[in-house]
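I have placed the structure first, in the form of structure tokens, so that the comments after it can refer back to it.
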Amino acid sequence: MPLLEPKPEVLRPGAARTPSPDRVPDARATGTPEPLRGELTALLGPKKVLWTVSDLVKYASDASPYRFVPQVVVVPEDIDDISAILSYAHGKGREVVFRAAGTSLNGQAQGEDILVDVRHHWAGIEVLDDGARARIRPGTTVMRANATLARYGRLLGPDPASAIACTIGGVVANNASGMTAGTTRNSYRTVASLTFVLPSGTVVDTADPAADELLAHAEPQLCEGLLALKAEIEADAELTARIRAKYEIKNTNGYRLDAFLDGSTPVQILRGLMVGSEGTFGFISEVVFDTLPLDRKVSSALLFFPSLTAAAAAVPRFNEAGAIAVELMDGNTLRASVSVQGVPADWAELPKETAALLVEFRAPDEPGQEAYERAAAAVVEGLDLVVPVASVTNEFTREAKVISGYWKARKAFVTAVGGSRPSGTTLITEDFAVPPSLLADACEALLRLQAEHGFDAAVAGHAAHGNLHFLLAFDAAKPSDVDRYAAFMDDFCRLTVERFDGSLKAEHATGRNIAPFLELEWGPKATELMWRTKQVIDPDGVLAPRIVLDRDPKAHLRGLKTIPEVELIADPCIECGFCEPTCPSHDLTTSPRQRIVLRREMMRQPGGSPVETELLDAYGYEAVDTCAGDSTCKLACPVGIDTGAMMKDFRHQRHSPREERMAALTARNFKAVEASARLAVAAADRIGDRLLETVTGLARKAVRPDLVPEWLPEIPGAAPRKLPRTSRVGASAVYYPACVNRIFGGPEGHRGPSLPQAVVAVSARAGKPVWIPEDVAGTCCSTIWHSKGYDEGNVVMANRIVEAAWGWTAGGKLPLVVDASSCTLGIAHEVVPYLTEDNRELHRELTVVDSLVWAADELLPELTILRKTGSAVLHPTCSMQHLGDVEQLRTVAEACAEEVVVPDDAGCCAFAGDRGMLHKELTASATAKEAAEVNSREYDAYLSANRMCEIGMDRATGRAYHSVLMELERATRP
């Protein structure tokens, strides 16, 4: 056993707990039972079968209020694997549920038997016909697809609020729409063709001219059954009219019966039925979309009204004026949005009855935009708007940053309101539609019904399409609260159907939540046709039973998940999954959501239970050690939950007092440590990579893999022993070379000035010389200790660097320019909680400037570009994302290169200081997609602005990355 191996017991929840009714039972502690585990492992291979109780718990939760623990999770790589899984399920009488992003809100991605993860291995987009169409794999997020299409001036029709995380497979399977899609831009209307695998294993490509012939040969009974149902529906004029009427407004409740009217052949009918089928008819392996124009001329306004009904009454007027989006937010939603970064703080003071409309117009050109703005102004003139707080303007704007802020607040509806719910309560998201002309009446009736049942719900929605969402919070562990929710649902469903002839699910799909109310909306005849359709396509009931169709009138109350309290920083999490695509470890071990899900399961368990013990044993590596600590999850989370910070705190808790003392000693003697590190790196050139890998490997086994870095061949040589000579007299800024740039040199084979030499030279050329203090050695941004949770060492170095910087900058009179983005972030923000009160005062006087901002804003306007490289690819670091200076990276790069590319799959490299040397598998996983994109072609320059991230990308791509400031020096060198 390693000398300093951490003890899992340290992270065992200490508070007294009452076991939750939905806790994983002790019998499940050993994970997937035999022979299921062994048979699937033999069928697919061990890497494709996830079987530990930690694996099963991770996949038991999603964005919905339900929780079902699967028997096993499998991770197929191709259609052959899918077919094998389905064949196995048929032969063994088992059930299969497909899950991609886990952002569904009604439990349709949860299974109790075999759960199939189709997010891993299923991403990719191919642009067709110059952007007019796109072939997209089901694990691709909507945001990722639109990023590629934007280069062609195109976008997808569906635009759900969860676009950052939700995947194409789920969007099509749920017929999710969003802010602008309505009934004309959703998946049903914009999918050109599908490739899918039927429950039998038959693969159908609806774009194949011979598809019907092939299907008739492979599945004659299926074809006959579909055509018989089509004939039956078309022979019933009343039913046909009812089906058509139901889809005049948004509706995703039940199966798309209009597919029988729109399709003339079995394949065409299946193409329609697959949309919105929620994984109950087959697995969608590929989608070809007809894309839409990306109209870039945008005008938006956030307009405030005295009441929800007043706002709803104004919606038809904006629809008539041509608005592409009219989004409604009530007072509860607006006030909760204060937790979203950038939302005005005074929204917290808005009266409860206040409501707002977010109205947007999009045009392809300036004349079109001006025409829309005139029409909008005419509508606004006739409205009685209110100005309840100072930040309200009630004006249309073209400013992209302001518009982005409006949408950020709107899209955070579920997470912001959910994050502000009472701790320990479960969140229910309801979604319904009424004819837009009845929206105001529906709002009034909904508010009255909520009050009758004791719910203070939040309401928002796509008002242009008569589509409202509202949120309810209750304690799923209390039978009385569950009964109250059940009574509300009964009344709500009857109200929606009987008074407004509405849709009980407008865009979130039926799932488990509305399945018991399907017949209430559709009537017995249409509902029975849906059951018969399921029987024709999936006669053995292999796929997703009890999703969409369920005869149990209380099915929506089964599997409701409790939400036990966890650490304060993570407690607001509603498990939406928005954080997952940005997380460097989500393809390797766990995502931020899963880290919280696992922690909640520990809290459900009685202390010392077998399940808790197994979860703790796995949590150290899977959650704590392989978290990059980059906190990009905080950026993706609408309410800013920083799971990375929680993992750093867990690292701190695992440290022994001796480890903390050693870390503090290292900080106090960092000058000697820095010099020793530079000497060691210099000596490494003479020793050789293989011997160093062996020595560090042995040390990792003896001490602890999470403490001793592994030597990597990509580690560069040592930096020059001395920094450039500079003068304090006449300096425009103090230049702080980060310790990594004082220890490590440039990329192998680099001929030219070092980074510090380049920064000094290019600043002088711009007439803004910088000064490097003589005593920078022995100081650091403190990230080394912060990232590992060494609080004592962090306190030592945080206070040292702030005191030194205050002196260097003459009390903050000069800016402090830092040449590594992570170090800029550290000094500017991350050191603050560890400072003494006096040093916090000093810190407030400092102006910490990232070298990218210094170069883009201060130097470039004064420089002459003398030469450019041909092409450059950029790696924006996670620290740049936090600092908001990615655009400055692009600006400097565009001054140095004729062509600049930021990969669509760019993300955190997870090198994270030395974490990529502690767990090289983390960086390999985090960079795989970006590296593949980078290596798809050649570039003349590979640029970033953080030495350790550059080393990480060197390892991932086999290319030599260097700082964009070194490239700027070359471009301006006389």
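Here my numbering is used: the first residue of the sequence shown is 101, the next is one more, and so on. We put the beta carbon where it would ideally sit given N, CA and C, even for glycine. Treat the numbers as computed from the prediction; the structure is a model and nothing was measured.
For residue i, report the span of its beta strand (DSSP E) as first-last.
i: N567; result: N567 to F574
i: F461; result: A455 to A463
i: L1043; result: A1041 to S1044
i: E386; result: F383 to D390
i: T295; result: V291 to V297
i: V172; result: V172 to V174
Hey, out of the options, whose CA is closest to residue i's CA?
i: V242; options: V272, D229, I637 and Q694; result: V272
i: T883; options: P869, Y934, W906 and G131; result: Y934
i: S437; options: P824, K511 and P260; result: K511
i: V902; options: P869, E937, G889 and E386; result: E937
i: E848; options: K148, R1059, G911 and S731; result: R1059
i: C1008; options: V1000, K1020, A997 and T1027; result: T1027
i: V844; options: L960, R356, T732 and G1013; result: The identity of residue 844 in the sequence shown is Phe, whereas the question assumes Val. For F844, the nearest C-alpha among the options comes from G1013.
i: A425; options: E332, E544, S277 and L408; result: S277
i: G878; options: A904, R828 and R699; result: A904
i: T726; options: M746, K501, E701 and A736; result: M746
i: R344; options: L434, L361 and S187; result: L361
i: A993; options: A160, E1069, Q441 and G867; result: E1069
i: R1073; options: T826, R651, H943 and A864; result: A864
i: L41; options: A995, L228, L779 and F383; result: Coverage of the chain is limited to positions 101 through 1074, which leaves residue 41 absent and any answer about it impossible.
i: G422; options: T352, A413 and G468; result: G468
i: H190; options: P639, E598 and L779; result: P639
i: I179; options: D575, I268 and T295; result: T295
i: E378; options: T248, A316, P366 and A200; result: A200
i: F600; options: Y585, P258 and N567; result: N567
i: E109; options: D583, R754, S827 and S951; result: R754
i: Q208; options: L620, V648, D259 and C978; result: V648
Which partner residues of residue i appear in the DSSP bridge assignment?
i: D1014; result: DSSP, once it has assigned bridges, lists no residue as partnering D1014.
i: L974; result: L1043
i: E999; result: S971
i: Y166; result: L660
i: L643; result: V196
i: W871; result: V834
Any beta carbon from chain B within less than 8 Å of residue i's own beta carbon?
i: G907; result: No chain B is present in this structure, which holds just one protein chain.
Got a sec, what are the start and stop residues for the alpha helix (DSSP H) residue i sits in?
i: H317; result: A311 to A318
i: M429; result: No alpha helix (DSSP H) holds M429; the beta strand (DSSP E) holding it covers A425 to D430.
i: T766; result: P757 to R768
i: K1029; result: K1020 to V1034
i: G907; result: D891 to W908
i: H562; result: It is not in any alpha helix (DSSP H) - H562 instead sits in the beta strand (DSSP E) that spans A558 to H562.
i: V582; result: P579 to R594
i: D181; result: I179 to K192
i: S400; result: That residue, S400, is in no alpha helix (DSSP H); its beta strand (DSSP E) goes K397 to F405.
i: D155; result: V153 to K158
Is it the case that the CB of residue i approaches a heavy atom of the ligand ADP more closely than 7 Å?
i: F770; result: Looking for the ligand ADP in the displayed structure turns up nothing, as the structure carries no ligands at all.
Problem set entry | the segment 988-1006 / the segment 1024-1036 touching (three or more Cβ pairs under 8 Å) | yes
For this session: Say whether the segment 363-383 touches the segment 300-310, bearing in mind that this needs 3 or more beta-carbon pairs closer than 8 Å, one atom from each stretch.
Result: yes
For this session: Would you check if there are 3 or more beta carbon pairs closer than 8 Å linking the segment 195-214 to the segment 162-170?
Result: yes
Exercise. What are the uninterrupted segments assigned as alpha helix (DSSP H) that are 4 or more residues long and contained completely in the segment 511-544, given in chain order?
Worked result: 513-519
Exercise. Is the segment 834-841 touching the segment 916-924 in the sense that three or more CB pairs, one from each, lie closer than 8 Å?
Worked result: yes
For this session: Ignoring anything shorter than 4 residues or poking outside the segment 919-947, list the alpha helix (DSSP H) runs there in chain order.
Result: 921-925 and 937-944
Exercise. Within the chosen definition, does the segment 702-718 reach the segment 117-135 through at least 3 CB pairs nearer than 8 Å?
Worked result: yes
Exercise. Taking one C-beta from the segment 588-605 and one from the segment 531-546 each time, how about it: are there three or more such pairs within less than 8 Å?
Worked result: yes
Problem set entry | Cβ pair count under 8 Å reaching 3, the segment 396-404 against the segment 486-504 | yes
For this session: Count the C-beta pairs between the segment 386-397 and the segment 438-447 that are closer than 8 Å, then say yes if the count reaches three, no if not.
Result: no
Exercise. Can you find at least 3 beta carbon pairs, one from the segment 614-631 and one from the segment 470-487, that sit closer than 8 Å?
Worked result: no
Problem set entry | Residue ranges of each beta strand (DSSP E) within the segment 200-270, 3 or longer | 214-217, 225-228 and 233-236
For this session: Would you check if the segment 511-530 and the segment 190-204 touch, i.e. whether three or more CB-CB distances between them fall below 8 Å?
Result: no
For this session: Tell me, please, whether the segment 686-693 touches the segment 636-656 by the rule of three or more beta-carbon pairs shorter than 8 Å.
Result: no
Problem set entry | Secondary structure, alpha helix (DSSP H): runs of 4+ residues fully inside the segment 333-373 | 337-346 and 359-362
For this session: Count the C-beta pairs between the segment 454-472 and the segment 520-536 that are closer than 8 Å, then say yes if the count reaches three, no if not.
Result: no
Exercise. Can you find at least 3 beta carbon pairs, one from the segment 296-303 and one from the segment 715-730, that sit closer than 8 Å?
Worked result: no
For this session: Enumerate, from N- to C-terminal direction, the unbroken alpha helix (DSSP H) stretches of 4 or more residues contained entirely within the segment 673-753.
Result: 692-704, 710-719 and 732-736
Exercise. Are three or more beta carbon pairs between the segment 131-146 and the segment 176-187 nearer than 8 Å?
Worked result: yes
For this session: Evaluate the contact criterion for the segment 553-570 versus the segment 699-708: three or more CB pairs, one atom per stretch, below 8 Å.
Result: no
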